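Numbering (UniProt numbering), first residue to last: 1 to 181. For glycine and all other residues, C-beta sits at the position ideal for the given N, C-alpha and C. On a predicted model such as this, the values are computed, not experimentally measured, just so you know. The block underneath contains the structure these notes are about, expressed in structure tokens.
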């Protein structure tokens, strides 16, 4: 599989440290095989208004999720944050369901994993999270306990999930999906 386009979903309170290692390697291409270009990381928001990360960085989204279409072999990175249970995230989460079915690579870490679990997207896919008991508590619709793996990061076809304390393992699992290295 070769990643076509890379999208990073950006929102207020997103956890800066969870996606950093990954987007540096995708955007720089410094360890890609000779002749292969780096991948531009496109930031996507609910609007084009400035968002402020948990670390205080201000990010202006390049586009909104209404302005692009996720295709097969695109990559959507969903970082954690403090408020994935808010109603405002339901639109992006609905798109994730269609994207998973259509072959888009979804890479979720920390709180984003719990949000996917609450939508039922983890019910039949191997995955991990910060903690199984916490996921069950915060995601009342989660029914994926049978598919849960107690690992730092897990990949199952076009879904990658990771604990928030495993940004390096998260990056490794995503980069393994691409044949540029």
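{"Asked": "Residues bridged to residue 160 (per DSSP)", "Found": "107 and 155"}
{"Asked": "Counted within 10 angstroms of its Cβ, other Cβ atoms place residue 25 as buried (16 or more) or exposed", "Found": "buried"}
{"Asked": "Inter-stretch contact at 8 Å, needing at least 3 Cβ pairs: the segment 61-72 / the segment 30-37", "Found": "no"}
{"Asked": "Separation of residue 104 from residue 74, as counted between CA atoms", "Found": "5 Å"}
{"Asked": "Burial state of residue 137 (16 or more Cβ within 10 Å)", "Found": "exposed"}
{"Asked": "Distance between residue 47 and residue 167 (C-alpha atoms, nearest Å)", "Found": "26 Å"}
{"Asked": "Residue 23 - DSSP class collapsed to helix/strand/coil", "Found": "helix"}
{"Asked": "Spatial distance of residue 40 from residue 62 (CA atoms)", "Found": "11 Å"}
{"Asked": "Cβ pair residue 109, residue 11 closer than 8 Å", "Found": "no"}
{"Asked": "Own chain residues within Cβ distance below 8 Å of residue 149, not counting five before or after", "Found": "126, 127 and 128"}
{"Asked": "Residue from 18, 64 and 107 with nearest C-alpha to residue 45", "Found": "64"}
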